[in-house]
Structures are given as C-alpha cells and as structure tokens.
Amino acid sequence: DADQASETRQALAPGTVVAIETELYSARVISAGGRLVSLKLKRFLTTIDPSSEPLEMVETPPGAAPPLGLRFLADDGKVEDDTTVEYTPDQAQIDLSGPDIATLILRGTLPSGGAIEKVLTFTGNAYPITLEARAPTLPARFTYIGVGWRRHVIATNSKDPDTRYRGAVLLQNDKLVHETPAAVPGTADAAKRFDPPIGWAGYADHYFLAALAPDDPAKTAAAVSGERDGVQILLSTPRNDGGARFTVYVG
Numbered sequence: 003d004a005d006q007a008s009e010t011r012q013a014l015a016p017g018t019v020v021a022i023e024t025e026l027y028s029a030r031v032i033s034a035g036g037r038l039v040s041l042k043l044k045r046f047l048t049t050i051d052p053s054s055e056p057l058e059m060v061e062t063p064p065g066a067a068p069p070l071g072l073r074f075l076a077d078d079g080k081v082e083d084d085t086t087v088e089y090t091p092d093q094a095q096i097d098l099s100g101p102d103i104a105t106l107i108l109r110g111t112l113p114s115g116g117a118i119e120k121v122l123t124f125t126g127n128a129y130p131i132t133l134e135a136r137a138p139t140l141p142a143r144f145t146y147i148g149v150g151w152r153r154h155v156i157a158t159n160s161k162d163p164d165t166r167y168r169g170a171v172l173l174q175n176d177k178l179v180h181e182t183p184a185a186v187p188g189t190a191d192a193a194k195r196f197d198p199p200i201g202w203a204g205y206a207d208h209y210f211l212a213a214l215a216p217d218d219p220a221k222t223a224a225a226v227s228g229e230r231d232g233v234q235i236l237l238s239t240p241r242n243d244g245g246a247r248f249t250v251y252v253g
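Position 49 of the sequence shown, counted from 1, bears residue number 51 in our numbering, the numbering being contiguous throughout.
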C-alpha cells in the first residue's frame with residue numbers, strides 16, 4: 003500500500019548502507035557509488051585474542067573510494083564511471099544461511115544520463131559473490147567495462163616476514179604474477195598493464211585473498227598501480243549485451 007511504499011523509499015534514501023549477513027561474513031554496501039565498504043570474515047579474528055573483532059577485508063587508503071567501482075571505457079578514450087552515482091538499492095538488508103541465495107539490485111544514473119545497474123548475488127554458505135554490471139543505454143562505443151579493488155597497505159620494515167606476501171596478485175596466462183606495492187607505478191596513468199588472458203586479479207597477504215574474476219578471461223586485461231599508502235587493481239573486460247559479469251572472492 004501507499005504507506006508501506008513510503009516507508010520503503012524512506013529506508014532506502016541516499017546514503018543507505020545495505021547490510022548483508024551470511025554464515026561466513028558480514029558485508030556492507032553503500033548506495034553512494036554502490037561500493038563495498040566492509041566485509042568481515044566471521045570465522046577469522048583480527049588478532050589471536052579470542053575477544054578481537056572479525057577480520058576486516060576492506061581497507062582502503064585515506065581518501066580513496068572503496069572497492070567495486072565500475073568504469074566504462076570507450077574506443078575514443080572517453081571514460082564513464084560510477085564514482086558519483088547515487089544508487090537506489092532494492093532492499094535494505096539481506097540475511098542468508100546454508101545454500102540460500104539472494105540478489106541485491108542497485109539502480110542509478112551515470113553522469114551522462116545513462117541508466118546503470120549493479121547486481122550483487124550472495125550465498126549463505128559460500129564466499130564467492132557474483133557482480134553483474136549493466137548499462138544497456140550507454141552508447142556502443144563503450145566497449146569495455148572495468149571493475150576495481152583497492153587496498154590500504156601498511157608500511158612495514160624489511161624484517162617483517164609477511165612483507166613479501168602483501169601486494170597485487172594476478173593469474174595471467176595460467177601463471178601466477180605477484181607485484182609488491184613498492185614495484186608498481188605510483189599513479190593510475192602509469193599503471194603496470196597485463197594483457198589477456200587474465201583468470202583473476204586482486205590483493206593478497208600471507209593468508210587471505212580478495213580477488214576479481216571475469217566471465218571471459220581470454221579477453222580480459224588488468225592494470226595495477228600504486229597510490230598513497232595503497233595499491234589499486236583494475237580488470238577490464240568486453241561489454242556484451244550492455245554489461246559484463248564478474249565473480250568477487252574475499253576470504
């Protein structure tokens with residue numbers, strides 16, 4: 003009825019944070035940019051102290067946008083992205099257990115006026131999250147879609163045994179490539195680029211991984227760049243029928 007519709011619109015006003023709870027993690031997606039602002043692993047703690055908080059896997063550099071931003075790339079070099087898009091979520095909370103599956107649909111408008119949808123599918127007892135990007139009205143010259151992951155990298159000293167594990171990790175042509183933050187360029191314009199095929203790309207430390215995998219590895223490229231106190235990983239894959247699909251793994 004009208005009252006219920008009004009309550010729903012109020013609950014999903016700009017600035018909404020959608021809470022996702024599964025058996026394995028607690029995640030938070032914000033309507034501003036449709037970004038993943040938190041994902042805490044319920045079965046792993048921040049420290050060895052039994053009373054410490056679940057391990058947070060989303061840590062971005064100061065002032066940087068959180069992960070899962072979308073970028074549409076045109077043949078003429080023009081770029082459209084969803085950094086300033088204020089999405090409208092179709093629900094405010096998801097609670098899952100066992101093999102239950104739920105989909106969160108975020109709808110918004112790109113700066114150029116084109117409609118965009120970001121669709122996230124979660125499973126109660128599995129880590130992978132499906133991400134679908136749809137922009138059916140965007141001109142056909144936008145042939146590629148990029149999705150990104152950012153990670154804050156804590157400064158360490160040479161005696162820290164875990165330093166060598168931290169950094170960007172890619173599966174390129176069935177070979178594992180590891181790039182430490184010190185080895186990658188300091189700006190996105192001078193990013194280190196990796197040609198197809200890219201099976202997946204992301205950030206890893208000694209024990210944990212946050213990675214993005216395309217549906218079409220054979221035509222997907224990757225770029226890795228450093229930024230202030232962090233590293234950025236971007237996958238670019240062909241846009242088919244107005245969109246593309248990725249798998250997000252954090253665990």
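A virtual CB, placed ideally from N, CA and C, is assigned to each residue, including glycine.
| query | result |
| --- | --- |
| Exposed or buried, which one is Gly36 when buried takes at least 16 other CB atoms within 10 Å? | buried |
| In this structure, how does DSSP classify Tyr146 when only helix, strand and coil are distinguished? | strand |
| What does DSSP give as the partner residues of Leu57 in its beta bridges? | Leu43 |
| Roughly how far, in whole angstroms, is the beta-carbon of Arg168 from the beta-carbon of Thr182, given that I think they are within contact range, below 8 angstroms? | 7 angstroms |
| Which same chain residues, not among the five before or five after Ala192, have their C-beta less than 8 angstroms away from its C-beta? | Ser227 |
| Kindly indicate the opening and closing residues of the beta strand (DSSP E) around Leu72. | 72-76 |
| Tell me which residue opens and which closes the beta strand (DSSP E) that Thr132 is part of. | 131-136 |
| Contact between the segment 80-90 and the segment 107-126: three or more CB pairs below 8 angstroms? | yes |
| Pick out whichever of Arg241, Gly232, Leu236, Pro240 has its Cα sitting closest to the Cα of Thr62. | Gly232 |
| Between Thr132 and Leu98, is the Cβ-Cβ spacing less than 8 angstroms? | no |
| According to the neighbour-count rule (16 or more other Cβ atoms, all chains shown, within 10 Å of its Cβ), is Val81 buried or exposed? | exposed |
| Determine the direct distance from the alpha carbon of Thr49 to that of Gly244, and round the result to whole angstroms. | 44 angstroms |
| Can you find at least 3 beta carbon pairs, one from the segment 99-106 and one from the segment 202-220, that sit closer than 8 angstroms? | no |
| Kindly indicate which three-state DSSP category Lys221 falls into: helix, strand or coil? | helix |
| Sort out for me which residues DSSP pairs Glu181 with in a bridge. | Ala170 |
| With DSSP run on the structure shown, which of helix, strand or coil describes Ala192? | helix |
| Taking the alpha-carbon of Leu72 as reference, which of Glu134, Glu23, Phe46 has the nearest alpha-carbon? | Glu134 |
| List the DSSP bridge partners of Gly228. | Val233 |
| Do you know how far the Cα of Glu119 is from the Cα of Ser266? | What the structure shows of the chain is the stretch from 3 to 253, and residue 266 is not part of that stretch, so it cannot be assessed. |
| Would you mind sorting Gly115 into buried or exposed? The rule is 16 or more other CB atoms within 10 Å of its CB. | exposed |
| Are the segment 141-148 and the segment 166-180 in contact at 8 angstroms, needing three or more beta carbon pairs? | no |
| Hey, quick one: how far does the beta strand (DSSP E) through Leu201 stretch, first residue to last? | In the sequence on display, residue 201 carries Gly and not Leu. First-last of the beta strand (DSSP E) with Gly201: 200-206. |
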